[in-house]
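Some notes on the structure that comes next.
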Amino acid sequence: MSRTGAAFSRAATRLGAHFGDEAVLRAGEPVVAIISEGVEIIGEYGQVAQLVTTATLMAATAPRTGDALTVGATAWIIDSILRGDGITVECVVRKAAP
């Protein structure tokens with residue numbers, strides 16, 4: 010990893026530590042997740058097509074569609090991968106059925 014890549018990785022880790030919450034991915038894998046509500050998904054013509062909730066995780070955790078994510082007392086399911094930069098991955102999540 011280059012020095013620049015290492016610096017961005019450290020920055021993402023520190024931001025997660027400050028703004029993230031302790032969470033559990035899949036069946037017991039501890040992670041840090043940053044939950045963002047009201048994220049706008051832009052449509053083909055520039056309109057807001059959808060408002061969603063996202064969870065940002067470190068890319069090393071390799072989140073996949075269908076994975077369970079528990080943040081505090083709230084259970085989520087990863088619906089899709091929205092974007093990733095090699096260091097973090099932002100996933101669209103929905104609340105799991107009780």
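In this text, residue positions in the sequence shown follow the numbering used here: the first is 10, and each later residue adds one.
Where is the CB? At the ideal position from N, CA and C, for every residue including glycine.
{"Check": "Member of 100, 89 and 76 whose CA lies at the smallest distance from the CA of residue 37", "Outcome": "76"}
{"Check": "Endpoints, alpha helix (DSSP H) assigned at residue 16", "Outcome": "12-28"}
{"Check": "Inter-residue spacing [alpha-carbon to alpha-carbon] between residue 60 and residue 46", "Outcome": "8 Å"}
{"Check": "Outcome for residue 39 when other beta-carbon atoms lying within 10 angstroms are tallied against a minimum of 16", "Outcome": "exposed"}
{"Check": "Start-to-end residues for the beta strand (DSSP E) that takes in residue 86", "Outcome": "83-93"}
{"Check": "Those residues which DSSP pairs with residue 39 across a bridge", "Outcome": "33"}
{"Check": "Host beta strand (DSSP E) of residue 103 (start-end)", "Outcome": "97-104"}
{"Check": "Residue 100 and residue 64 closer than 8 Å at C-beta", "Outcome": "yes"}
{"Check": "First through last residue of the beta strand (DSSP E) which encompasses residue 74", "Outcome": "Premise fails: residue 74 is in no beta strand (DSSP E) and is neither H nor E."}
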